[in-house]
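Position in the sequence shown (first residue = 1) + 39 = this note's numbering.
Since the structure comes first, as structure tokens, the remarks are kept for the end.
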Amino acid sequence: PSYDIVLTALEALDPTSAPGEDGIPAILYQTFSEFFVPRILFKVDSIARTGKWGTRWGKGTMRNIPKEAGNLSDNAVKDAGAQALAALREAPKCTPFSLFSAATK
Numbered sequence: 040p041s042y043d044i045v046l047t048a049l050e051a052l053d054p055t056s057a058p059g060e061d062g063i064p065a066i067l068y069q070t071f072s073e074f075f076v077p078r079i080l081f082k083v084d085s086i087a088r089t090g091k092w093g094t095r096w097g098k099g100t101m102r103n104i105p106k107e108a109g110n111l112s113d114n115a116v117k118d119a120g121a122q123a124l125a126a127l128r129e130a131p132k133c134t135p136f137s138l139f140s141a142a143t144k
């Protein structure tokens, strides 16, 4: 695939979803697409050349969404997700490495 195809696929993901078992939200891949797209292309090319997938590819995590008694809608969860996305978009420019460093301190 081309850079544009991978970028389009990333942009099509729901920003609040986490496409893999690591739980990393799609918005991280979208925000830092210039970092991730070349690495995704490299991995896809490697799979095409060798025919070997990563041992953990295709796995995912399903989580139950806790609900309050009497409130069975997902609106509270969606509102919290929207607030988190807004905060991330307003954050100063940073790199995936600085996010990782901050999270591991």
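C-beta atoms are modelled at their ideal positions from N, C-alpha and C, and glycine is treated no differently.
Between Val83 and Tyr42, the gap from beta carbon to beta carbon reaches 8 angstroms or more. Per DSSP, Ser56 is not a residue of any alpha helix (DSSP H), being assigned neither H nor E.
The distance from the Cβ of Val45 to that of Ile79 is about 5 angstroms, consistent with a contact at the 8 angstroms cut-off. Residue environment analysis places Thr70 among the buried positions, since at least 16 neighbouring C-beta atoms fall within 10 angstroms of its C-beta.
By alpha-carbon distance to Gly93, the top candidate from Pro54, Thr47 and Glu60 is Glu60. CA-to-CA, the gap between Glu50 and Phe81 works out to about 19 angstroms. The residues Leu46 and Leu49, in chain order, have a CB closer than 7 angstroms to that of Ser72 in the same chain once the five nearest residues on each side in sequence are set aside.
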